[in-house]
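Below you'll find the structure, written out as structure tokens, and then a few comments.
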Amino acid sequence: MTRIRLGDGVGEGSWIFHSRFPRSVNFYDGADLVSVVPPETGAGPHAVVMERLPGGETPRLTVGGGRLEIADRRYSFTAGDVYHSRPVWGVPEASRLAAGIGSLKAFMRRHAPDGSLARWMDGAPRKAMVSAFDRELMVRLIEGKALLLGDDPAAGARLLHGAGRGLTPAGDDFIAGMLHGWRLRESWWGIPRAARIDAVYAECRAAGNPFVATFLREARDGRVFERLEHVVRALLDGSSGAVEIAAARLFAVGATSGADLAAGLVTALENGNKD
Amino acid sequence: MIIKGKIKPGEYFDSVTLMLVGRDLTGLAGVQDAAVIMGTRENLAILEASGLLCAELAAAGETDLLLAVKAADGETAARALDAAERLLAERKGKTADQAAGFSVRSLDGALRAQPGSQLALISVAGRYAAAEAWNALDRGLHVMLFSDNVTLESEIALKRAARDRGLLVMGPDCGTAILNGVPLGFANAVERGAVGIVAAAGTGLQEVSVIVSNAGAGISQALGTGGRDVKEAVGGIMFVEALQALAGDPATAVILLVSKPPHPSVMERVAETCRTISKPVVSIFLGAPPDGAGVFSTHAAATLEEAALVAARIARDGAAAAAEAAGCVRRELDARDATLLAEADPLAAGLAPGRRYLRGLFSGGTFCSEAQVILRGKLSALWSNAPAGDARALDDPLHSRENTLVDLGEDAFTVGRPHPMIDYDLRQRRMADELRDPETAVILLDVVLGFGSHPDPAGELAPLVRDAAGKVCVVCSVTGTDRDPQNRSRVERALTEAGARVMPSNAAASLLAGAVCACRQR
Numbered sequence: 012m013t014r015i016r017l018g019d020g021v022g023e024g025s026w027i028f029h030s031r032f033p034r035s036v037n038f039y040d041g042a043d044l045v046s047v048v049p050p051e052t053g054a055g056p057h058a059v060v061m062e063r064l065p066g067g068e069t070p071r072l073t074v075g076g077g078r079l080e081i082a083d084r085r086y087s088f089t090a091g092d093v094y095h096s097r098p099v100w101g102v103p104e105a106s107r108l109a110a111g112i113g114s115l116k117a118f119m120r121r122h123a124p125d126g127s128l129a130r131w132m133d134g135a136p137r138k139a140m141v142s143a144f145d146r147e148l149m150v151r152l153i154e155g156k157a158l159l160l161g162d163d164p165a166a167g168a169r170l171l172h173g174a175g176r177g178l179t180p181a182g183d184d185f186i187a188g189m190l191h192g193w194r195l196r197e198s199w200w201g202i203p204r205a206a207r208i209d210a211v212y213a214e215c216r217a218a219g220n221p222f223v224a225t226f227l228r229e230a231r232d233g234r235v236f237e238r239l240e241h242v243v244r245a246l247l248d249g250s251s252g253a254v255e256i257a258a259a260r261l262f263a264v265g266a267t268s269g270a271d272l273a274a275g276l277v278t279a280l281e282n283g284n285k286d
Numbered sequence: 013m014i015i016k017g018k019i020k021p022g023e024y025f026d027s028v029t030l031m032l033v034g035r036d037l038t039g040l041a042g043v044q045d046a047a048v049i050m051g052t053r054e055n056l057a058i059l060e061a062s063g064l065l066c067a068e069l070a071a072a073g074e075t076d077l078l079l080a081v082k083a084a085d086g087e088t089a090a091r092a093l094d095a096a097e098r099l100l101a102e103r104k105g106k107t108a109d110q111a112a113g114f115s116v117r118s119l120d121g122a123l124r125a126q127p128g129s130q131l132a133l134i135s136v137a138g139r140y141a142a143a144e145a146w147n148a149l150d151r152g153l154h155v156m157l158f159s160d161n162v163t164l165e166s167e168i169a170l171k172r173a174a175r176d177r178g179l180l181v182m183g184p185d186c187g188t189a190i191l192n193g194v195p196l197g198f199a200n201a202v203e204r205g206a207v208g209i210v211a212a213a214g215t216g217l218q219e220v221s222v223i224v225s226n227a228g229a230g231i232s233q234a235l236g237t238g239g240r241d242v243k244e245a246v247g248g249i250m251f252v253e254a255l256q257a258l259a260g261d262p263a264t265a266v267i268l269l270v271s272k273p274p275h276p277s278v279m280e281r282v283a284e285t286c287r288t289i290s291k292p293v294v295s296i297f298l299g300a301p302p303d304g305a306g307v308f309s310t311h312a313a314a315t316l317e318e319a320a321l322v323a324a325r326i327a328r329d330g331a332a333a334a335a336e337a338a339g340c341v342r343r344e345l346d347a348r349d350a351t352l353l354a355e356a357d358p359l360a361a362g363l364a365p366g367r368r369y370l371r372g373l374f375s376g377g378t379f380c381s382e383a384q385v386i387l388r389g390k391l392s393a394l395w396s397n398a399p400a401g402d403a404r405a406l407d408d409p410l411h412s413r414e415n416t417l418v419d420l421g422e423d424a425f426t427v428g429r430p431h432p433m434i435d436y437d438l439r440q441r442r443m444a445d446e447l448r449d450p451e452t453a454v455i456l457l458d459v460v461l462g463f464g465s466h467p468d469p470a471g472e473l474a475p476l477v478r479d480a481a482g483k484v485c486v487v488c489s490v491t492g493t494d495r496d497p498q499n500r501s502r503v504e505r506a507l508t509e510a511g512a513r514v515m516p517s518n519a520a521a522s523l524l525a526g527a528v529c530a531c532r533q534r
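As given, the protein sequences belong to chains V and P, one line each in that order.
Taking my numbering, the leading residue of the first sequence gets 12, the next gets one more, and so forth.
Taking my numbering, the leading residue of the second sequence gets 13, the next gets one more, and so forth.
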């Protein structure tokens, strides 16, 4: 029997076909986007992991009563097949976490892809950018980051939301990383971040494609996907080897998405003690 | 300058595609700037601020794709927009083809679609791979198991069952094979001929097959077994089965064995089998004492290059000339090596004071091992993340120390990333790091061509090689043929023009690189 895994954000319902990419088939119900992905992509709150992506016509995805139906095929699943996207983290040990964050930053400096925020915010020379669009984008990203950390996070969100190429623009990846980081600070140390999170999310909710909308909503709710969960666990462990392996898998998400999300995560975890 | 734009409603592409298409457009003659982006509110603002917004794009929505071009004239801009659409359509075509490939959803479906198939190539996540391999064996198919992370127990059980049924299981982690002239996985476009190869080393198989082919001979069959096959636990089940298959193959006149040193018990089984075979057998067990394999094989070589050239010569001159072939090849290689060593002194003399260490950055694990074997005793303080011979293990594979040979295909580098033979990013970054180190004297590279490998390795490496010129010596080998999609001669020419010393084999490159550093470390 073919085994599937699905995220705890999927719930019961029916989604209609939205799009197909080499590594995902996507379904949408007007609110949430559910993606069917192969095992190497890993689980997520709104992901269904299947050994093989369904081929041919896939007009609808339906989940209910412990069964998932897609392309006239039915799959059973149990509670054990559900990925829990809000793990219990425990309280971090400060020196380990600091070491873990240090390792992640070092990895970002060495391995963040060209064109990612992690690289630009590290002071990459502007002349290396071929396009005026890239140069202008960098200016806004740096300004947006400062605003997110300052007294007007909503203004930062307005600058960053939708900025960048691709389905999840770099600015949105960075915002998602920040939201995850703030949720972790709440969870670990009880530092209240809800007002800041709400202010930022309010600027992002009105626009964007379903991929971005789902991604940002997951971040607002503190729902992680498997590759991000592994990075957070590695940060808590503090071992540089664990961080590098987990970060490499995260950086493989999209072209720059994983690295941009990591940049936001580190920024949120490192900055904010003053609050 | 004129700015033109186009909206593609509801089109989705990943950011890699958009970045690459945008970069291609900017490189077109007459195009000053270009952007291919999603039409978010913020992106429109950025387009405006960067001088790329035009009236055609004003009505764009969040889910639209935008093409914007700034060009010398309207005709150039229009051509660039057409080019962008063509490039995007090609990308979409690839996606559609991939999707169409999924229309066969099971092994039985594939067999119905292509009756008479004899082999299943399995490349799925490791935990599912064994089950698929069992399905294939149950249907009487040979198996090439590209997947890794298959348990040892599964591998043993699969191989025993295959042996009992007269089938082959190549792998797990078997990346290369050539069957009846068809390259599978990472393989090269080689000539067909009389040399049959059994290899427990993927890039080793590629190196010997291309050297055989480039030497004017050809390959009958090249069977991979996966590296774990020659360990004690698996017992060389498939290595021996493949050897016997080639012994019975009428198209194979010479058998070439390639592996890191097998476990002694496996070596004994291989020896027993070889003694029953009347065909000449040439072996290269990297790092093993040559006299061990010399007992049972016609010739036990010290390098992949030597093994391939001897096998090619026997294939050309016939089995009767086998004894002579080894001596001839050895003499030719000795003469070539003497020339290389003579080149080392002047190359070393041209380097700045303080530059003395070797940094080998390999995409092929077998090449990294072979380099260590060749440099054993020639360079002291040799470090590697995949130590073989006398090399010591690096504590941190991300940082070199003294003379370092790094296998960039090791798990620490490849988890979640494409293999370095496909994606040069990792090696480019590491090379840049090594160039910044004032103690680096020589950078040693393997460039592996063929199906599945990067389509333009010279384009990836040449800029860094040019940067290195005058600072360090870059030595590389190119594993490939002129029939490979990348074209060996073209790649060699581009790297040579950039300033690299391009050698005919990994062995020669390692020897020259080691000799230059030895001069610097005297």
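Just so it is clear, CB atoms sit at the ideal spot from N, CA and C, and this is done for glycine as well.
Would you say Ser-142/V reaches chain P, if we count a Cβ-Cβ gap shorter than 8 Å as a contact?
Ser-142/V counts as touching chain P.
Residues near Arg-260/V in its chain [Cβ-Cβ closer than 7 Å; skip 5 each side]:
Arg-238 and His-241
Rank Ala-80/P, Ala-481/P, Leu-298/P and Met-433/P by C-alpha distance to the C-alpha of Glu-422/P and give the top, closest one.
Met-433/P
Assign Asp-85/P to one of three DSSP states: helix, strand, or coil.
coil
Proximal chain P residues relative to Asn-220/V, where beta-carbon distance stays under 9 Å
Tyr-24, Met-50, Thr-52, Glu-74 and Thr-75
Classification of Ala-145/P by the beta-carbon crowding that lies within 10 angstroms, buried from 16 upward
buried
So, Met-156/P versus Leu-196/P, is the Cβ gap smaller than 8 Å?
In terms of Cβ geometry, Met-156/P and Leu-196/P form a close pair [threshold 8 Å].
Does chain V have any CB closer than 8 Å to the CB of Gln-110/P?
Note that Gln-110/P scores a pLDDT of 49, beneath 50, so its modelled location is shaky and nothing firm can be said.
Let me know the secondary structure DSSP gives Phe-118/V once reduced to three states.
helix
From this set, Ala-132/P, Arg-325/P and Ala-333/P, which residue's C-alpha is nearest Ala-227/P's C-alpha?
Closest option to Ala-227/P, Cα to Cα, is Arg-325/P.
DSSP three-state label for Ser-46/V, please.
strand
Below-8 Å beta-carbon distance, Leu-371/P vs any chain V residue:
Looking at the sequence shown, residue 371/P is not Leu but Arg. For Arg-371/P, the answer is no, since every Cβ of chain V falls outside 8 Å of its Cβ.
Test: Pro-180/V CB closer than 8 Å to a CB of chain P
yes
Span of the beta strand (DSSP E) holding Gly-17/P?
14-20
Closer than 9 Å at the beta carbon, the chain P residues around Ala-110/V:
Simply none; closest approach about 14 Å.
Return the residue from the list Ile-208/V, Thr-89/V and Thr-73/V that minimises the CA-CA distance to Phe-28/V.
Thr-73/V
Am I right that Gly-230/P and Gly-260/P are in contact with their C-beta atoms under 8 Å? What's the rounded C-beta distance?
So it is not a contact: roughly 19 Å between Cβ atoms.
With a cut-off of 8 Å, do at least 3 Cβ pairs link the stretch 186-195 of chain P to the stretch 334-348 of chain P?
no
How many angstroms separate the CA atom of Asp-329/P from the CA atom of Ser-309/P?
If you draw a straight line from the Cα of Asp-329/P to the Cα of Ser-309/P, it comes to about 18 Å.
How far does the alpha helix (DSSP H) with Pro-164/V in it reach, from first residue to last?
164-171
Taking any Cβ of chain P, which residues in the stretch 241-275 of chain V have a Cβ under 9 Å from it, in chain order?
Ser-251, Gly-252, Glu-255, Ile-256, Ala-257, Ala-258, Ala-259, Arg-260, Leu-261, Phe-262, Ala-263, Val-264, Gly-265, Ala-266, Thr-267, Ser-268 and Gly-269
Local conformation of Leu-564/P per DSSP, three classes:
Past the boundaries of the shown model lies residue 564/P; chain P is included only from 13 to 534, so the question cannot be answered.
Return the residues of the stretch 59-70 of chain P that lie within a Cβ-Cβ distance of less than 8 Å from chain V, sorted by chain order.
Leu-59, Ala-61, Ser-62, Gly-63 and Leu-64
Cβ of Lys-138/V less than 8 Å from any chain P Cβ?
Here Lys-138/V scores only 46 on pLDDT, less than 50, and its place in the model should not be relied on; the value that follows carries that caveat. Lys-138/V does not count as touching chain P.
Please name the residues in the stretch 34-49 of chain P whose beta-carbon is closer than 8 Å to at least one beta-carbon of chain V, in chain order.
Gly-34, Arg-35, Thr-38, Asp-45, Ala-46, Ala-47, Val-48 and Ile-49
Measuring CB to CB, does Ser-489/P end up less than 8 Å from Asp-458/P?
yes
Members of the stretch 92-122 of chain V that neighbour chain P once the beta carbon cut-off is set at 8 Å
Arg-121 and His-122
Express the C-alpha separation of Asp-449/P and Pro-399/P in angstroms, rounding to a whole number.
22 Å
So is Pro-164/V buried or exposed if we call it buried at 16+ other beta carbons inside 10 Å?
buried
Which of helix, strand or coil DSSP assigns to Trp-5/V
Chain V is shown from 12 up to 286; residue 5/V falls before or after that span and cannot be answered.
To the nearest angstrom, how far is the alpha carbon of Pro-276/P from that of Ala-300/P?
10 Å
Any idea if Asp-408/P is buried or exposed, counting beta-carbon neighbours within 10 angstroms, 16 or more meaning buried?
exposed
Is it buried or exposed, Gly-113/P, if we count other Cβ atoms within 10 angstroms and call 16 or more buried?
With a pLDDT of 43 at Gly-113/P, under the threshold of 50, the predicted position of this residue should be treated as unreliable, though the coordinate-derived value follows. Burial call: exposed.
Only counting the same chain, and skipping five residues up and downstream in sequence, which positions put a Cβ closer than 8 Å to that of Asn-397/P?
Ala-405, Leu-406, Pro-409, Val-418, Asp-419, Glu-422 and Ala-424
Any C-beta of chain P sitting closer than 8 Å to the C-beta of Glu-147/V?
Contact with chain P is found for Glu-147/V, since one of that chain's Cβ atoms lies less than 8 Å from the residue's Cβ.
Compute the beta-carbon to beta-carbon distance between Val-528/P and Ala-354/P, rounded to the nearest angstrom, for a pair I have assumed lies under 8 Å.
In fact, because the Cβ distance is near 12 Å, the residues do not count as touching under 8 Å.
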